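Structure first, commentary second.
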Amino acid sequence: MHKIVFILFFLSLTGMNAQNNLLAENYFEQGEYEKALTLYTQLYKKNKYFNYFKAIVASHQQLEEYKEAEKLLKGRLNIKIIPQLYVELGYNYSLQENDSLATINYNKAILFVKESEKFNYGRSIGESFERYSLLDKAIETYLTAMDVFPDTDYSYQLARLYGEQGNLEKMFDSYLVLIKKKRSYQGVAQQNFSLYISEDPAEEANILLRKVLLQKLQKQSDVLYNELLSWLFIQQKEYKKAFTQEKAIYKRMGNNDMSGIADIAYFATNDDDDENAILIVNFVIDNASTPKEKIEGYQQLMKIKLKTASKKEYPKIKKSYEDLFNEFGSGKETHQLQLDYNYFLGFQNNEKDLAVSNLKSFSKQPLSQYQEARIKMLLADILVFDEKFNQALIYYSQIQHEVKGNLLAQEARFKVAKTSYFNFDFAWAQLQLDVLKKSATQLIANDAMQLSLLIKDNSIEDSTQTALKQFARADLLTFQKKETEAISVLKNLLENHKGEKIEDEALLKLGELYETKGEYEKAAESYLALIQFYNEDILADDAHYRLAKLYETKLNQPQKAKEYYELLIFNFVDSIYFVEARKKYRMLRGDEIE
37 MHKIVFILFF
47 LSLTGMNAQN
57 NLLAENYFEQ
67 GEYEKALTLY
77 TQLYKKNKYF
87 NYFKAIVASH
97 QQLEEYKEAE
107 KLLKGRLNIK
117 IIPQLYVELG
127 YNYSLQENDS
137 LATINYNKAI
147 LFVKESEKFN
157 YGRSIGESFE
167 RYSLLDKAIE
177 TYLTAMDVFP
187 DTDYSYQLAR
197 LYGEQGNLEK
207 MFDSYLVLIK
217 KKRSYQGVAQ
227 QNFSLYISED
237 PAEEANILLR
247 KVLLQKLQKQ
257 SDVLYNELLS
267 WLFIQQKEYK
277 KAFTQEKAIY
287 KRMGNNDMSG
297 IADIAYFATN
307 DDDDENAILI
317 VNFVIDNAST
327 PKEKIEGYQQ
337 LMKIKLKTAS
347 KKEYPKIKKS
357 YEDLFNEFGS
367 GKETHQLQLD
377 YNYFLGFQNN
387 EKDLAVSNLK
397 SFSKQPLSQY
407 QEARIKMLLA
417 DILVFDEKFN
427 QALIYYSQIQ
437 HEVKGNLLAQ
447 EARFKVAKTS
457 YFNFDFAWAQ
467 LQLDVLKKSA
477 TQLIANDAMQ
487 LSLLIKDNSI
497 EDSTQTALKQ
507 FARADLLTFQ
517 KKETEAISVL
527 KNLLENHKGE
537 KIEDEALLKL
547 GELYETKGEY
557 EKAAESYLAL
567 IQFYNEDILA
577 DDAHYRLAKL
587 YETKLNQPQK
597 AKEYYELLIF
607 NFVDSIYFVE
617 ARKKYRMLRG
627 DEIE
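Per my numbering, the very first residue in the sequence shown carries number 37; after that it's consecutive.
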């Protein structure tokens, strides 16, 4: 019984101390230093915790009672030498502008690191210096500790400190020392490099990183440096140079792994650097060690050719696909290649019936459930494209049941909603969207939310949903790549439904369609109209960003681009475009991007 009473008493005492500690911290943060000092003094009398002692010293310093703080620090050092207290004492002198005594005590702390053979004080003293932003002293401490204890590595701390000082060359070098010893830090290092480098190879940070890497590579041939050079060239969108580094890695490793090379081909394709993308993909095809790699290479090559082909070249594209199927077969090994081919037939070559027939035939082969679902998805998409909505809905529903729980099932449900929307069955579309908003991945949930808002907002004022039906029709025509017809529908909508909620959606859509057709002045007019009449609405940030990007990349009006990026970052701080807009604005203003 006595034991239980003691435990309860001890627990209540511990809880009281914790509460007082939080209260003292709060007083200190709020600038009520006298109250904080009183509480910390009481706590320290009960428990001689070192943190309480440091808090008492800090409270005296905030109250400018430096002599009292000095007395406490010296008194504690007389009882027991704690090396980091020399940093605290030195800092106390610096607060009194007594730099000579401050330096003497800082050097005493570093001397402990240098002369201690049994215990490494490097981290504790280095962190003490860092706490007071004494970066030079912190760096000296870590370097000294690494000399005395060669097995200890403070490269990460040094890299961070050099970065804070703006000494980029030493920062890069320290990170390289770190990842040379611990490859697991490569991702962390690259993330930190990204804070300093930009897409511009002429930027100082880019030049310095390249210089440091090349110096390392000249001293010691290590694929690590090739990997990092490749990464740097990718950031700079210099894909041919990145390819050179990846080829060196491929030849050096001798393991037939071309994933790094394939990645560069993918990046180059996405950035419309088709010439280099084709060069890289052809290397993958020529050096592929397995039929699978060769097929993947051809698949990428056909995508690039299709992207740049005119309609006159479509027969040649079709023949190239047929030649590939003659060489590699039409089984599951060429599953993705066949999907790409039938997408081309259905959506670009105006051979929807042939694509549907091919896909139905392909689906009868022995395939995985996922592969079969992918075929049905494309089949349904082509049927929607052909306005055979009911048939498409059957396939989308089958996918939901066959790959339940898979991302593909969520995508199929969203397409059920979109197809119902195209078919003016807004109630059924809304039902699907309500489910997706709660359970889907972020991307699908966002798309579902946007479509749901469009339907709801434009069903309240107009019970006949006339304007919404016109907008859905324009949406379908856009999906069918009938941009001219879609523009005509939207212009009619805007003429007959002025001032209605759907007007901002229609203006944004109209701008996007004009961009697709290369009519950039008309696109700008649409975005400007949206900004003028709906600047407080949910799509205003989209209009600002699209307009700024249009001025920057298509209309060659950098000043206007800067103006609209600036309006976005000052008026739409919660926008998904905020970070990119700020970066673009600073670049157009001529700032160094950090």
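Where is the CB? At the ideal position from N, CA and C, for every residue including glycine. All values reported here derive from a predicted model rather than from experimental measurement.
Cβ neighbour criterion (16 or more within 10 Å) applied to A448: buried
Continuous alpha helix (DSSP H) stretch holding Q506: start and end: T502 to F515
Three-way DSSP call (helix, strand, coil) for G223 in this model: helix
F439, enclosing alpha helix (DSSP H) - first and last residue: Per the sequence shown, residue 439 should be read as Val rather than Phe. Unbroken run through V439: none, as it is neither H nor E.
Alpha helix (DSSP H) segment containing Y168, residue limits: Looking at the DSSP string, Y168 is not in any alpha helix (DSSP H), and its letter there is neither H nor E.
Three-state secondary structure (DSSP) of T21: Nothing in the structure corresponds to residue 21, since the chain is present only between 37 and 630.
Whole-angstrom distance between E423 and F361, CA atom to CA atom: 30 Å
Cβ separation of L586 and A560, assumed to be a contact under 8 Å, to the nearest whole Å: 6 Å
T520 (DSSP reduced to helix, strand or coil): helix
Closest Cα partner of L131 within the set S234, K103, Q468 and L108: K103
A409 versus F319 - alpha carbon distance: 32 Å
Counted within 10 angstroms of its Cβ, other Cβ atoms place V20 as buried (16 or more) or exposed: Residue coverage of the chain in this structure runs from 37 to 630, which leaves residue 20 outside it and unanswerable.
From T344, A617, K527 and Y556, residue whose alpha carbon lies closest to that of N592: Y556
Where T326 sits in the DSSP three-state scheme: coil
Coarse secondary structure for H371, derived from DSSP in three states: helix
Rounded separation between K255 and I353 - CA only: 48 Å
Cβ separation of Y550 and K537, assumed to be a contact under 8 Å, to the nearest whole Å: In fact, because the Cβ distance is near 22 Å, the residues do not count as touching under 8 Å.
Distance between K440 and Q26 (C-alpha atoms, nearest Å): What is shown of the chain runs 37 to 630, which leaves residue 26 out entirely.
Buried versus exposed, by CB contacts within 10 Å (16 or more), L467: exposed
Beta-carbon proximity of A445 to A453, cut-off 9 Å: no
Three CB pairs or more closer than 8 Å across the stretch 417-436 and the stretch 481-498: no
Under 9 Å between C-beta atoms of V184 and G158: yes
Sub-9 Å separation of Q506 and V525 beta-carbons: yes
Contact set for G51: own chain, Cβ-Cβ below 6 Å, skip 5 residues either direction: Since pLDDT at G51 reaches only 49, below the 50 mark, its modelled position is unreliable, and no value is offered.
Neighbour-count burial assignment, I574, 16 or more Cβ in a 10 Å radius: exposed
Cβ separation of Y419 and L375, assumed to be a contact under 8 Å, to the nearest whole Å: Rather than Tyr, the amino acid found at residue 419 in this sequence is Leu. About 15 Å separates the two Cβ atoms, so there is no contact after all.
Boundaries of the alpha helix (DSSP H) in which P594 is found, first to last residue: P594 to N607
Cβ-Cβ distance between Y122 and Y168 below 9 Å: no
C-alpha distance - E628 paired with G162, whole-angstrom precision: No answer about E628 holds up, because its pLDDT of 48 lies below 50 and its placement is not dependable.
Under the three-state DSSP convention, the category D309 falls into: coil
Segment contact, 8 Å Cβ cut-off, at least three pairs: the stretch 63-73 with the stretch 97-113: yes
Classification of K90 by the beta-carbon crowding that lies within 10 angstroms, buried from 16 upward: buried
Start and end residues, alpha helix (DSSP H) containing Y357: Y350 to F364
Neighbourhood of V41 by C-beta distance below 8 Å, restricted to the same chain and skipping five residues each side: Any reading at V41 needs caution, since the residue's pLDDT is 40, under 50, leaving its predicted position unreliable; the model's value is listed next. So the list is empty, once near-sequence residues are dropped.
For I321 and L342, believed in contact at Cβ under 8 Å, the rounded distance: No, L342 and I321 are not in contact; Cβ-Cβ is about 16 Å, not under 8 Å.
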